[in-house]
Every structure is written in C-alpha cells, then in structure tokens.
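Trainee: Protein chains in written order, with the working numbering: chain A, 147 to 233; chain B, 48 to 499.
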Amino acid sequence: MRAVITVIGKDMVGILAKVSTTCADANANIIEVTQSVLQEFFAMVMLIDMEKMNCELDELRERLRAKLPDMQIHVMHEDIFNSMHRI
Amino acid sequence: MLNMTDIMETITMIQEENLDIRTITMGISLLDCCDGDIDRSCEKVYDKILRYAKDLVRTGSEIESKYGIPIINKRIAVTPVAMLAGASGGDPVKYALTLERAAKEVGVNFIGGFSALVHKGFSPGDREVIEAIPRALSATELVCASVNVGSTKSGINMDAVRTMGRVIRETAELTAANQCIGAAKLVVFCNAPEDNPFMAGAFHGPGEPDCVINVGVSGPGVVRSALKKAGPDCDLTQVADIIKRTAFKITRMGQLVGSEASKRLGVPFGIVDLSLAPTPAIGDSVAHILEEIGLEQCGAHGSTAALALLNDAVKKGGVMASSNVGGLSGAFIPVSEDAGMIDAARSGALSIEKLEAMTAVCSVGLDMIVIPGDTPAEIISAIIADEAAIGMINSKTTAVRLIPAIGKSEGEELEFGGLLGKGTVMKINRKSPAGLINRGGRIPAPLQSLKN
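Take a look at the structure:
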C-alpha cells in the first residue's frame, strides 16, 4: 500500500524538510523522492509506504496542507496512477 | 516505477481540466417489493433502498479521498415503477414520494426509475405512471422519470409519443414557478439502455441483477486540452488517436473507482459508461472539443462529422480500458449543461435541426433543450417521434429531454443552476404535425437488412 505525495508551488527554504518531518510523525516510510526547481517553481513527487502509518491518508493530507499553506499538495493512493498509465 | 510526467499528467487532469467521476449509480431491483397493497409496497421499497444504499454516499466519499479524484454524484436507479404500480394499483405518486424520502435519507443526489417501458404497448400500471409524471415530478426534487416509447425490435408506439408531448407540457406547467425544472427530470427514450448510470434517464432494467454498481466517467476538458497541446497541424487520424488515448486513461479511472466501490459495498460491478458528460463549468464542454477540432462555433457545418469522429474514438479508447462497458457510452450534447453549447444556442449558430442531425452520430439525443412556452403538445410529440425514428433505424439509443419555458419566448432564458446549467429558448419550426401525431398507432419495426 503506497501513496504519492505531490507538492507544487513557489520555491522556499525547508519544503522537503517539512514534508518529510510530517511523514515521519505519521510513521510513513519515504521510498522515493524526486524534486526539481525550475526558475522559482518548486515541484516534488514523493512515494511513501503507508503500511505502518499511524493516521489516515486524509489526516496526513490535512497536516501537510497546514504546514505548507501556500503550496498545492495532493496525497493520492498510487493505484490511480498505475491504473491510468499502465496496461 | 511511476514517473513524474505521468503523475503530473493525472494531477493536471483532475486539477485543471475538470476530470471527475460523474456518478456512481447503484441499481436496485424492486421486483420483490411488489405487493397488492400500495402502502405495503411503498414500505418495502423504502426498506430495501435503505438496506442496500445506506453506505453508498459514505463509500463514495472514502474512495474520493483515497484516490484524490472527485466523485460528483452518488445516485440510485430502481426498477421501473410502472411494474410495481401494475401489481399494487393505487396512485403512483405515492411511489415517487417514497423514492424521494429514501433518496433523502441515504443522501444521494438523484433517484431514477419513475419509469415505464411502453415501446410496444401499455401494460397495467404504465398509463397510470405516465399520467402521474407531472404530479410526481412537481411534488419531488430528486426523483427522475423516463419513458421508453420505441425500439429497433418493436417500432415506435405513437400513442405513447402523443401522450408524452402532453405530459412534458403539463410537467413544465406544474413547475413553471421553479424554472419548469420538472421537465428537466423527464426523458423520453428510444432503445433505452437498462444499465445507464446517468440521470435523468437511469432506471434498473428487469434483466439486471438484484443490485449492481455502475459508474459514469466524464472529462471533456481533458480531451480538449490534449487536442490543444497537439496543435492545429495534426490530421484527423492523429486527432482520433489522441482522443482514443485520452479516453482510455479517463475510463481506467472509472474502472478503478467502480471495482473499488463494488468491493467495498459487496455489490457486483456492472458497467462503466464511457460518456463524455459536459458541465456548465468553463473547460468542461463537448462543444469546445468540436471547436478545438476546427469549427468556428459548434453548430457550424462540419459539426456532425467532428462529433462522429469524437464519439467513435471515445468508444474505441474506452472499450479496452474497462472489463464491461455499457449504458449510453458516447459524447453527450445537453445544450443547457455545456458552456459551448449555451453560447452557440445564444448566438444562433446552433439550431434544433442541427442538433437532431448530430444526435444521429452520438449519444444521446435532443437533451436539455429549452423551447418556447407556447409550443403545442403535438409539436413536442413530433420532435420525440423524429428523434425516436433516428434511434430506431440506426439501432442506437436516442432520447428527448425538452423543457417548454412556460411564459417565455424565443431568446429568453431559463436558469436551472448547478449541473443542469441554463438555456436560451430556441427557435422551433411551427408548422403543424397534428395530423401525423393524432393518427396514433405504431410505426412498425424496421428492416434489419438492405441497409442504405
């Protein structure tokens, strides 16, 4: 059971740190991170293992949004991407 | 491993291009609720709907949150009420009120099935239900009605067509104070599908299992934006390919949500309806896809060809993405629910005649069209007859959902709000078809060979 977290918005110091701390608090193991900064635009995709998470996906999403209110944040189960892009 | 481009594509589709699951519709058979006493029958109907659908809305919201995809509507479709009314007798409006009460209790957006299937003739209960439609739709908010008046195998029941012209008028009149909204919840079909998850025409056909989950996807905005990215230089073969690929992705999402809902609710998964269903939101329009393909405005000559290409490519892409496809499956062209169609009707680029031609190559029919309030019943009947003839001859579903704007004339507008949108009163041909309509009888079933 894995989920994908995406964070998009204006670059600033500490985005990755805030996201990973929140994940650690929720006991979600980070499996992979890809991030890039193009001009001032920050985009990050993170794959997490939610097997041992201590809260619901909903709550993790809310916590992330509260920590990074100016960024666009999505937390979605990986199956939606697999079913859409893999045959 | 998932790559960043794929992930960002999915998110852009949902965020910016209005990709959504339009509806999860639970079909429930009410055949075992029949009782000789209508009050007892209504009680059983209410209990059964509550028993089966009590978790539908909650499950929908859970799936929404798990996958981050909006599920706009949760709905219920039931066995055509005429079948129950035939057994129980009594005033069928009681069934409508029961359905309304059950729908409100479980929290769904609509409940369909105040219906009668009369393509070959009327059986007990059918006439009573049809005559009760105006009262039922004015006394309820969530109940939708439909009547099947024709089919390729049995021809067109012109007595039913004549009746429906009057019933549509009466329904609009009874809800005149409320934008004639009743008529927007009433569909007249030819070749009605038994597993359609879309309203207002959803009902649970007698050939269906006891309970089933059907899913309708949407995503005109995604198709349009894919075409826009490809630019004006690709030829129509490439356009068809792009549409197919996009439809595949959209449908996969429907398949995922449908199978998850079916698993969670413990109900068999019926079908994914591959329809491109527009909403009045900017960027969620089928008309704009046609314009992206290369028309100045929807309704221009060439609209039928562009729509034929679109409709066929959507099916080809979607069919492989889902284990079971059904329902209406095609591009919808509801005039009041599509920002591009609303503009085209307002500017005069789109006429009812052109829409009729377009319905020959797409699902579903003359949908959500506002006509002048003084349109005589026989003209409405004749419009139904024309549309049913197209469906009958071409072995496809066609439907008519007309809204006579009581007290308004050409150029004025009705504002329904929400997904139903708003519509300009369109011009109709006023030459009288009364002679044809008043003859009644049946148009015989067409030949299935010598196709020209």
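We put the CB at the ideal spot given by N, CA and C, even for glycine. Here the structure is a predicted model, which is why all the values come from computation and not from measurement.
#1: Can you check whether the C-beta of Gly458/B is within less than 8 Å of a C-beta belonging to chain A?
#2: Write down the C-beta distance between Ile180/B and Phe161/B rounded to the nearest angstrom, noting that I regard them as a contact closer than 8 Å.
#3: So, using beta-carbon positions, are Thr72/B and Gly212/B closer together than 8 Å?
#4: Around the Cβ of Ala183/B, are there at least 16 other Cβ atoms within 10 angstroms (buried) or fewer (exposed)?
#5: Name, please, each residue of chain A whose Cβ falls closer than 8 Å to the Cβ of Thr72/B.
#6: Could you name the residues of chain B that Met192/A contacts, counting a contact when the two beta carbons are closer than 9 Å?
#7: Can you look up Phe250/B in the DSSP assignment and give me helix, strand or coil?
#8: For Asn166/B, which of Asp280/B, Leu337/B, Val234/B and Val208/B has the nearest alpha-carbon?
#9: Using a cut-off of 7 Å between C-beta atoms, extract the partners of Asp204/A located in chain B.
#10: Can you check which of these residues, Val159/A, Met147/A and Ala172/A, is closest to Arg207/A by C-alpha distance?
#11: So with Cβ pairs under 8 Å, would you call Phe187/A a contact of chain B?
#12: Given 8 Å as the limit, is there contact between the segment 93-109 of chain B and the segment 48-57 of chain B, that is, 3 or more CB pairs closer than that?
#13: Name the chain D residues whose beta carbon is nearer than 7 Å to that of Thr180/A?
#14: Cutting at 6 Å between CB atoms, please list the residues of its own chain near Ser369/B, excluding the five before and the five after it.
#15: Is Arg486/B closer than 8 Å to Gly202/B when the C-beta atoms are compared?
#16: Would you call Arg232/A buried or exposed, if buried means 16 or more other Cβ atoms sit within 10 Å of its Cβ?
#17: Compute the distance between the beta-carbons of Gly248/B and Gly159/B, then report whether it is under 8 Å.
#18: Under 8 Å between C-beta atoms, does Ser229/A make it to chain B?
#19: Looking at the structure shown, is Pro480/B part of a helix, part of a strand, or coil, going by DSSP?
#20: Taking 8 Å as the cut-off, decide whether the C-beta atoms of Leu233/B and Arg448/B are in contact.
#21: With 8 Å set as the bound, which would you pick, yes or no: does the beta-carbon of Asp195/A sit closer than that to a beta-carbon of chain B?
#22: Taking a Cβ distance cut-off of 8 Å, strictly less, list which residues of the segment 294-316 of chain B are near chain A, in chain order.
#23: Check the Cβ-Cβ distances between Asp225/A and every residue of chain B, and say whether any is below 8 Å.
#24: Output yes if chain A places a C-beta closer than 8 Å to the C-beta of Ile437/B; else output no.
#25: Would you say Met158/A faces chain B, with C-beta separation under 8 Å as the test?
#26: What three-state label does DSSP hand Thr57/B in the structure shown?
#27: With respect to the alpha helix (DSSP H) encompassing Arg393/B, which residues constitute its N-terminal and C-terminal limits?
#28: Helix, strand or coil: how does DSSP classify Phe379/B here?
#29: I want to see whether chain A comes within less than 8 Å of Thr57/B, judged by CB atoms only; does it?
#30: Kindly provide the ranges of any alpha helix (DSSP H) runs that are 4 or more residues long and lie completely inside the segment 58-120 of chain B, ordered along the chain.
#31: What first and last residue would you give for the beta strand (DSSP E) that runs through Gly197/B?
#32: So that I know if they touch, is there some Cβ in chain A lying closer than 8 Å to that of Ile75/B?
#33: Going straight from the alpha carbon of Leu164/B to that of Glu109/B, what length do you get?
#34: What does the Cβ neighbour count give for Gly266/B, buried or exposed, with the cut at 16 atoms within 10 Å?
#35: For the segment 235-265 of chain B, list every residue whose C-beta sits within 9 Å of some C-beta in chain A, in sequence order.
#36: Assess contact between the segment 270-281 of chain B and the segment 336-348 of chain B, defined as three or more Cβ pairs (one per stretch) separated by less than 8 Å. Is contact present?
Mentor: Straight from the coordinates:
#1: Gly458/B has a beta carbon lying at 8 Å or more from every beta carbon in chain A.
#2: Ile180/B to Phe161/B, Cβ: 7 Å. Contact.
#3: Result no, Cβ atoms of Thr72/B and Gly212/B do not sit closer than 8 Å.
#4: Flag for Ala183/B reads buried.
#5: By Cβ distance, chain A contributes nothing, its closest Cβ being about 20 Å from Thr72/B, past 8 Å.
#6: Chain B residues near Met192/A: none, gap ~10 Å exceeds 9 Å.
#7: Three-state result, Phe250/B: coil.
#8: A small fix is needed here, since residue 166/B is His in this sequence, not Asn. Put simply, of Asp280/B, Leu337/B, Val234/B and Val208/B the residue whose alpha carbon is nearest the alpha carbon of His166/B is Val208/B.
#9: Ordered by position in chain B, the residues that pass the 7 Å Cβ test against Asp204/A are Ser112.
#10: Taking only the C-alpha atoms, the option nearest Arg207/A is Ala172/A.
#11: No - not a single Cβ of chain B is within 8 Å of the one on Phe187/A.
#12: Contact between the segment 93-109 of chain B and the segment 48-57 of chain B is absent, because fewer than three Cβ pairs lie under 8 Å.
#13: Looking for chain D here will not work: the only protein chains present are A and B.
#14: Within the same chain, Thr298, Gln302 and Val319 come within 6 Å of Ser369/B by CB-CB distance, once the 5 residues on both sides are set aside.
#15: In this structure, Arg486/B does not lie closer than 8 Å to Gly202/B by Cβ.
#16: Counting every other CB atom within 10 Å of its CB across the protein chains shown gives Arg232/A a total below 16, marking it as exposed.
#17: Contact: yes.
#18: Yes, contact with chain B.
#19: Residue state, collapsed to three classes: coil.
#20: Their beta carbons are under 8 Å apart, which means Leu233/B touches Arg448/B by this criterion.
#21: No, no contact with chain B.
#22: Only Lys296, Arg299, Met300, Gln302 and Leu303 from the segment 294-316 of chain B bring a Cβ to less than 8 Å from some Cβ of chain A.
#23: Yes, its Cβ sits closer than 8 Å to a Cβ of chain B.
#24: So no, Ile437/B is outside the interface.
#25: No, because no Cβ of chain B sits closer than 8 Å to the Cβ of Met158/A.
#26: DSSP places Thr57/B in helix when its eight states are reduced to three.
#27: Per DSSP, Arg393/B belongs to the alpha helix (DSSP H) from Ala386 to Ser394.
#28: Residue state, collapsed to three classes: coil.
#29: With 8 Å as the cut-off, Thr57/B counts as an interface residue toward chain A.
#30: If we require 4 residues or more, the alpha helix (DSSP H) runs fully inside the segment 58-120 of chain B come out as 85-100 and 103-114.
#31: Where Gly197/B is concerned, the enclosing beta strand (DSSP E) stretches over Val190 to Ser198.
#32: Not one chain A Cβ lies under 8 Å of Ile75/B.
#33: About 36 Å.
#34: Under this definition Gly266/B is a buried residue.
#35: Within the segment 235-265 of chain B, no residue has a Cβ that lies closer than 9 Å to any Cβ of chain A.
#36: Three or more Cβ pairs drawn from the segment 270-281 of chain B and the segment 336-348 of chain B lie within less than 8 Å of each other, which places the two stretches in contact.
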